[in-house]
C-alpha cells in the first residue's frame with residue numbers, strides 16, 4: 029500500500045511537471061525520458077481528440093506510464109524531469125564559493141563519479157542516520173553546467189529537495205537554498221571541504237557567474253575607462269545632460285550585455301547630524317527590486333539622479349554582491 033500511494037504521488041507530480049512545461053520543451057525534454065518519438069506522442073494526443081497542449085501531453089503520458097513503467101522507474105523519471113524543469117525555469121540561485129579542494133581530477137571523471145560521491149557523503153552525514161531515509165541524487169549536464177537534485181526519502185515521506193548548479197572545474201556553485209542540511213554533503217561530493225556564502229543571488233545564472241568571476245569582467249581594475257562629462261551633438265541639438273556620455277561610459281565598463289540582477293540592497297549608517305539632539309547612529313536600508321537592476325540604475329544615471337561612477341554600479345564588477353554598504357563617516361566632498 030505504501031508503494032502504491034507513493035506511485036500515485038509521483039504520477040500526480042509527473043502530470044503537473046509536464047503540464048507546466050512549454051510545448052517546445054515537451055518536445056525536447058520528455059521524449060528522451062520515456063524513450064518515445066514526438067510523432068508517437070502527438071499522434072496519441074490527436075487520437076484522444078485532445079488539443080495539442082502540455083496538459084494533453086501530460087494526460088497521454090500518464091496513461092502510458094501506468095501501463096508500461098514500474099514505480100521505481102516513475103520515481104526516476106519524475107526526479108529527472110523535476111531537475112530539468114528547474115534548469116530551464118527562472119528561480120533564485122545563491123552563489124557559494126567552494127574552498128579547500130580535496131583533489132583535482134579530469135572533468136569527465138568528476139562528472140561520472142559525482143552522484144556516487146554525493147550519496148556516500150550523505151550516508152556518512154548525520155542527516156542520513158536519523159530514520160530509514162535513503163538519498164536520491166540525480167544529475168544532468170546542460171550546456172556548461174551540471175545540475176544536481178538531492179533529496180532524502182523514506183517509505184513514509186519525502187524530504188526537501190536541494191538543487192545545485194555548478195560549472196565543472198570551477199570553485200563555485202549555485203544552490204537553491206543556503207539553509208539545507210544536505211548542502212555540506214553536496215560540497216564534499218563536488219570535491220571540496222568547505223564553502224562560503226558569496227552574498228550574491230539572482231535568477232540569471234550566466235550573470236551570477238560573470239559577476240563572481242573576475243576573469244569574465246569587461247573592465248579590469250587597470251583598464252577602467254574614465255568618465256568625461258562633455259556636451260555632445262544630439263539629434264535635437266546639443267546635449268548638455270551628459271546622457272550620451274553616461275551611456276558610452278557604462279557600455280565601456282560592462283559591454284553590450286551587462287549582468288542581470290533582480291535585487292539590490294543598499295545599507296548605510298551614520299551619526300545623527302546633531303549629537304546634542306540625538307546621540308545615536310541612523311540606519312538606512314534601500315532595497316531595489318527590478319527585472320534588471322542594472323537597467324534601472326542606468327536610467328537613473330541618464331537623468332542625473334545618480335552618477336555613472338556611483339558605488340551602486342560597483343556591485344557588478346568590484347563588490348560582486350547584492351548587498352552594498354555605503355559609509356558616510358567621512359565629510360562629504
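Residue numbers (my numbering): 29 to 361. Ideal Cβ placement from N, Cα and C applies to all residues, glycine included.
In this structure residue 270 is buried. Its beta-carbon is surrounded by 16 or more other beta-carbon atoms within 10 angstroms. Taking the Cα positions, residue 299 is about 24 angstroms away from residue 292. In chain order, 259 place their CB closer than 6 angstroms to the CB of residue 266, counting only its own chain and leaving out the 5 sequence neighbours on each side. For residue 107, same chain residues with a beta-carbon under 7 angstroms away, outside a window of 5 residues either side, are 164, 166, 177 in chain order.
Closest in C-alpha terms to residue 295, from the list 342, 322, 352, comes 352. In the three-state DSSP reduction, residue 301 falls in the coil class, being neither helix nor strand. Taking 8 angstroms as the upper bound for CB-CB distance, residue 343 and residue 335 are not in contact here, some 15 angstroms apart. Of all alpha-carbon atoms in 206, 216, 136, the one lying nearest the alpha-carbon of residue 146 is that of 216. For residue 321, same chain residues with a beta-carbon under 6 angstroms away, outside a window of 5 residues either side, are 289, 292 in chain order. Residues 118, 119, 120, 121, 288, 290 of the same chain have their beta carbon placed closer than 8 angstroms to that of residue 231, with the five preceding and five following residues left out of the count.
In the assembly as shown, residue 110 is a buried residue. Its beta-carbon has 16 or more other beta-carbons within 10 Å.
Judged by pairs of C-beta atoms under 8 angstroms, the region 78-86 touches the region 35-54, as three or more such pairs exist. Only residues of its own chain outside the window of five on either side were considered, and among them 294 have a CB closer than 7 angstroms to the CB of residue 314, listed in chain order.
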